[in-house]
Amino acid sequence: RAFLGGGAGAGRADPFADDGAFGLDADPALLPTFAWSAEVRVRGGRFDGHVLLASAFTREDVPVVADLLLGSGMAGFPLERRTLEVYLAGAVPAFPHGTYLVGRLRAPEECSDDDANAVSDASVSDDASVPSDACSSWSEEKAARHGPVVACVGVSFDESTRRTFTSLSPPGDAAYLSDLVVSERERGEGLGRAMLEAAETFAAEMRAPAMYLHVAMKKPGVVRLYKEEGYGVAGVDPGVFGWRGRLLMRKTMRQNVKGEREAASAAAKVSVVR
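The letter at position 220 of the sequence shown is residue 486 when you use the numbering used here, and the numbering goes up by one with no holes.
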């Protein structure tokens with residue numbers, strides 16, 4: 267699990283310092299800036315057709331990321347809230363060596379303002395009768411507290427921004443994914459897959475050759491999800507007598523993703539003009 271903001275690997279050589287980084291030119295002008303974002307369409311579930319807007323987290327996002335992590339039941343980060351928030355605030359400047367991405371839900375473009383407002387009002391009142399194909403997203407529900415963040419994920423590109431692993435260590439020249447969390451009420455609705463896609467887009471634009479992650483063997487459903495998304499098993503740690511066993515999984519990242527996104531955006535603009 268990534269431990270963004272420092273660790274035993276701190277102070278190692280900058281992986282972006284030469285042209286050989288990730289096997290490609292690491293000119294900073296070619297890498298995403300702190301303003302990076304990507305839109306991923308949600309597939310399936312009651313948010314089918316909605317858009318998940320993923321971006322690098324900022325200090326303003328620290329409280330909601332802390333909420334998501336503390337509510338996940340995961341280990342590998344501080345479990346006392348104040349300590350966790352200090353840790354996360356310290357991780358913000360680690361970009362681009364490592365960051366948390368946050369996902370905000372957006373309603374489908376075809377929804378009318380009246381439809382969106384009607385469902386938004388119902389969400390605020392916590393009305394369980396809101397239809398599953400509602401046009402408006404959950405994003406309004408907790409806006410007064412945190413804003414419309416519904417998911418987060420950690421992505422590390424440098425050993426200094428992840429923990430030191432006693433086994434199944436991912437390569438230092440690859441991306442590493444951790445802490446993929448969806449708000450408890452919104453799980454099982456396709457947001458996890460959408461957030462994973464956003465993290466992979468970010469990794470590809472960072473010129474990472476592959477993405478690695480760890481997953482517990484006692485979670486076959488999670489293992490199956492990653493396999494369905496193209497991850498293969500790169501290593502197995504059976505643990506002690508089978509207890510706490512885990513897998514190291516790997517997926518090759520597509521390159522030229524940024525160019526594809528820019529081309530698609532340009533094509534959409536031309537279509538609008540026509």
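We put the CB at the ideal spot given by N, CA and C, even for glycine.
Cβ-based neighbour list, residue i, same chain, cut-off 6 Å, excluding 5 preceding and 5 following
i    : result
E455 : G311, R312 and F313
L434 : G501, D503 and L514
C418 : V331, L334, Y366, V368 and V447
8 Å Cβ shell around residue i - same chain, five flanking residues per side excluded
i    : result
M519 : A441, E466, A469, A470, A474, P475, A476 and M477
R347 : A332 and L336
F361 : F300 and A322
Residue j beta carbon less than 7 Å from that of residue i
i    : j    : result
L335 : F343 : yes
L367 : V328 : no
L462 : V416 : no
V330 : L318 : no
A482 : A320 : no
A460 : V308 : yes
H363 : F423 : yes
K517 : G496 : yes
7 Å Cβ cutoff, residue i in contact with chain B
i    : result
L335 : Included in the structure is just one protein chain, with no chain B present.
Option nearest residue i by Cα separation, candidates the options
i    : options                   : result
G369 : V447, S338, R516 and H363 : V447
P294 : M472, G356 and G496       : M472
E425 : T365, E326, E495 and V489 : T365
L509 : K484, E494, E450 and E452 : Residue identity differs from the one stated: residue 509 is Trp in this sequence, not Leu. Here the closest residue by C-alpha is K484.
Euclidean distance between Cα positions of residue i and residue j
i    : j    : result
G420 : L479 : 10 Å
G511 : L371 : 34 Å
D439 : R429 : 15 Å
G505 : L345 : 24 Å
A341 : S444 : 11 Å
L296 : S338 : 34 Å
V352 : R325 : 10 Å
Cβ shell of residue i (< 7 Å), same chain only, five flanking positions each side left out
i    : result
P436 : Y442, Y478 and L514
V499 : L513 and M515
H316 : V308, L371, R372, A373, P374 and S403
Cross-strand partners of residue i (DSSP beta bridge)
i    : result
E305 : L319
Y478 : Y442 and R516
D503 : R512
S546 : In the structure displayed, the chain extends from 267 to 540; residue 546 sits before or after that span and is not available.
S422 : G364 and Y442
G369 : A320 and A417
V448 : A417
Heavy atom of the ligand MN within 6 Å of residue i beta-carbon
i    : result
L491 : The ligand MN is not part of the structure shown, which contains no ligands of any sort.
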